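Residue numbers (the numbering used here): 195 to 945.
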C-alpha cells in the first residue's frame, strides 16, 4: 500500500528518567497516517523510527522498530523502550526523526526541537546530590542567595544543640571564664589536689587521711574493650572459644568472632557459598549462574526459564494472522509464545494476503514473498506490477500502460481509443448506435469517417446514399446523381462522370424538359455512359399478322419522327408489348449510337449478361445531325421522302460482344449479297420506294425490306397487312434473317 500523505500531527512528549536537567531516555511519539487515497490507516502496522543528524542524507544515529496499532490513522508509541536513547544524542545539535511504515519510507523528516525537553530544565523539583551551578537561588518563590553569592534570606531557626565547632570558651553556654567540669578534671589529672577536709565526690566523703580503699573488678563499669578480658593486651583470639560447626572470622569491627561453617562453605564449587546458594548441591544453579532453558531456576531469582535465558530461542510474531510470522516483532523465550513462530518469513506481516506461497495478485505488493511484485495478466503487455506511464494504475490492470490517459475508470473521449479499459471504444459517442461514432474510426473529429448525424441510424459513412434529400453516407453531397427522381442525372454519361455509377443497371435521368424517368445505363461498353432511348422487337410472325404492338412501322405510326413516348422499361423486352421509347430519344445531346441484341422476354436487369451482339459507332456522327435520334430522322432522314431505291447513311461500328462478320453472315444468301459487315445504315428504300428506318448492316441494294426495320412493307399479294417492325425479315427462306434474330429485341442507346 502506498502512503502518499502523512499528517503533520507529530508531537514529542518526554518521560524524564534522569535528574531534572538531564535529557530524556524515552520519548512519547504520536501522529496520524493516511493512505494514498486520503483514508486513515487502521490495525497493526510495522513502523520503524530513526534519528538522523541532518534533514536529508546525513548519518543515522539511532533506530527502533515497533508494531503499532492505529485507530483512525492515529498512533502513539514510546521510543527508547527497545533501543535506549543515549543522553549524548541530544547534546550535539538538532536531530531529525524519520518514519517508515510497512516498508514505505515517509518524507520529509521532522526535526526534533529541544524546547519540549527544556520546559522544566531551569526548575528542579528535588536534587539528590550533585552540583548546582546557578546565578541565584530561590526557595518557595523567595530569593535566599543573590547573584553575589550572599545569603539574603531570613535567618534560619537553629537551636544551640544543633551547632557544631563551637569555640571552647563558649561550650558551657556563656561568655564568662568559669572553668567547666572538663577543665577542672584536666587540672586535677595533671597536678595534685589539695582538698579541704569534708570534701565529697559524688556524695561520698573523701578521706583525706593516709589509708588505701579496695574496690572489686566486677564493680567497675565502662571498662575499655581492650581491658574487658582482664588483661592489658588487645588480642581477643586467645580468649575466643567456638562451638562445634562454627568457624572463626574477623568481623568488620576488627574483632574475631565465631560464625556457622555454612556461611563460607561452597560445597558445589560454583563460586557462591552455600548460605547464598538456592541449590548448594547443584553447580549449575547459583545467583551468579546464567539462566538457561532447562526447567529449573538457574540464577536463583525465583523464576524458571524466564525470557532472558541465554539460550532462549528467538520467536517471530504473526501480526496479520495469516499463519506465517514476519520479522517486525520478535520475542526471546524458552517456550513458544501464543501466535509466535520459529521463523519470520512473511515479507509483509501487516497484510494477511502477503506470505510465502500466496497467490500473486495485481496490487503492487510482493504477495508470495519472492522479493518481487511480479504478477502478469494473460492479456498484459508484460509490464506486470509497475506503472510505466505514471497514471497511478498498475500495468497488470491497465489496458495500455504506455498511455497515461488510458486506465480503468478513465474518462472516455471520442478518439478511437478505449480510455477506460472496458473493452469498448468511444462509448457514449455513438448516439444512434449505428456502429459509427461522432469522431469516426480514426478518432479524429471533422474527418470523412465521422457520423455526420449521430441521432439518425440511417446516416453514417457505412450507409449507401439514396435519393431522399439526406446525405446518407456523410460524403458532404446529398443524394448521388441518378439514384432517384429527386436527383436524376442528365444522362448516363453525366452520372458516370460524376462518379455515381454503380455499374450497368437502372438509373434516373432527365435529359431535358420532360419529367425524370428511369432507364437502363450501359456503364461499361466502350468506356460506358450509354443511355437507353428505345427498344424494337417482333415475335416472328408471318407477314400480315400485324397488330398495334408494332409501334415503329410506317406510315400508320410516325414514331421515328415525333416526340411521343410509349411502353415501359420493365416490359421493353417482352414479346408483342415490348416496343419502348423514352424522352432520351428526343432530348439531350448525344454523338454516338449503341445497338444491343438480346432474346425476347429477357429481364431488363439481365440484358447485358444475355446479350448476343453489341455494336456501337465511334465517330460521333450524331453531333452534326442534331444530337438525337429524333433530329436524325425528323430533321435529316425523313422516312416519307425516300422516293425510289436508295441506300441512306452508312456508319461504321465496333462490335464488343460478337464479331461483325459472324453477325452479317446470319442473313440469307440473297440479303448478304446486298449488305456488308461492320456498320449500320440510316433510312433506306427498296425498289418500290418503301422506306426502312434502320439497318444493322451496311446496305447497298434495293431489297432493304428484308434486312432493315421500322418502315413500310409490301403486300405483294400476301394479304391486306404488311406493316410491321421487321417488315419482311421473314419473307421467305432466300432473304432476311434467321428465326433467332427475328425473336430478339433490338435496343438502341445514345451517348
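We put the beta carbon where it would ideally sit given N, CA and C, even for glycine. Since the model is a prediction, treat every value here as computed from it, not as a measurement.
As assigned by DSSP and simplified to three states, the class of residue i
i           : result
residue 434 : coil
residue 311 : Note that residue 311 scores 42 on pLDDT, short of 50, meaning its location in the model is unreliable; the coordinates nonetheless yield the value given after this. DSSP places residue 311 in helix when its eight states are reduced to three.
residue 468 : helix
residue 793 : strand
residue 621 : coil
residue 298 : strand
residue 702 : strand
residue 560 : coil
residue 831 : coil
residue 694 : coil
residue 711 : strand
residue 905 : strand
residue 305 : strand
residue 851 : strand
residue 815 : coil
residue 941 : strand
residue 330 : coil
residue 381 : helix
residue 935 : helix
residue 899 : helix
residue 601 : coil
residue 798 : helix
residue 687 : helix
residue 179 : In the structure as shown, the chain begins at 195 and stops at 945. Residue 179 is therefore absent and cannot be evaluated.
Neighbourhood of residue i by C-beta, 6 Å cutoff - its chain only, sequence neighbours within 5 removed
i           : result
residue 783 : 821
residue 694 : 674, 675, 676
residue 812 : 848
residue 665 : 672
residue 559 : 548, 567
residue 898 : 878, 880, 886
residue 554 : 561, 562, 569
residue 550 : 539, 563
residue 690 : 717, 722, 723
Beta-carbon contacts of residue i that lie in its chain and below 7 Å, excluding the five residues immediately before and after
i           : result
residue 459 : 467, 468
residue 490 : 479, 498
residue 546 : 514, 515, 516
residue 680 : 661, 663, 673
residue 650 : 626
Contact under 9 Å by Cβ, residue i with residue j
i           : j           : result
residue 929 : residue 864 : yes
residue 778 : residue 705 : yes
residue 715 : residue 722 : yes
residue 475 : residue 462 : yes
residue 482 : residue 505 : no
residue 544 : residue 239 : yes
residue 903 : residue 746 : yes
residue 848 : residue 809 : yes
residue 728 : residue 697 : no
residue 787 : residue 815 : yes
residue 539 : residue 519 : yes
residue 719 : residue 850 : yes
residue 895 : residue 868 : yes
residue 793 : residue 806 : yes
residue 450 : residue 437 : no
residue 601 : residue 609 : no
residue 235 : residue 255 : no
residue 604 : residue 589 : no
residue 725 : residue 669 : no
Contacting residues, own chain, Cβ-Cβ under 8 Å from residue i (five flanking each side not counted)
i           : result
residue 598 : 583, 584, 585
residue 502 : 485, 526
residue 337 : 330, 331, 346, 347
residue 537 : 510, 519
residue 870 : 858, 891, 892, 894
residue 257 : 242, 243, 244, 245, 277
Exercise for the section: For the region 835-854 and the region 750-767, state whether three or more C-beta atom pairs, one from each stretch, are separated by less than 8 Å. Expected result: no
Problem - Touching by the beta-carbon criterion (3+ pairs, under 8 Å), the region 226-235 and the region 243-253 - result: No, the region 226-235 is not in contact with the region 243-253.
Practice task
Kindly provide the ranges of any beta strand (DSSP E) runs that are 3 or more residues long and lie completely inside the region 859-888, ordered along the chain.
Solution key: Complete beta strand (DSSP E) runs here, min 3: 873-879.
Exercise for the section: Would you check if the region 326-342 and the region 266-279 touch, i.e. whether three or more CB-CB distances between them fall below 8 Å? Expected result: They do not touch, by the three-pair rule.
Practice task
Identify every run of the alpha helix (DSSP H) within the region 223-284, keeping only runs that are complete inside it and at least 4 residues long; order them along the chain.
Solution key: Here no run is fully enclosed.
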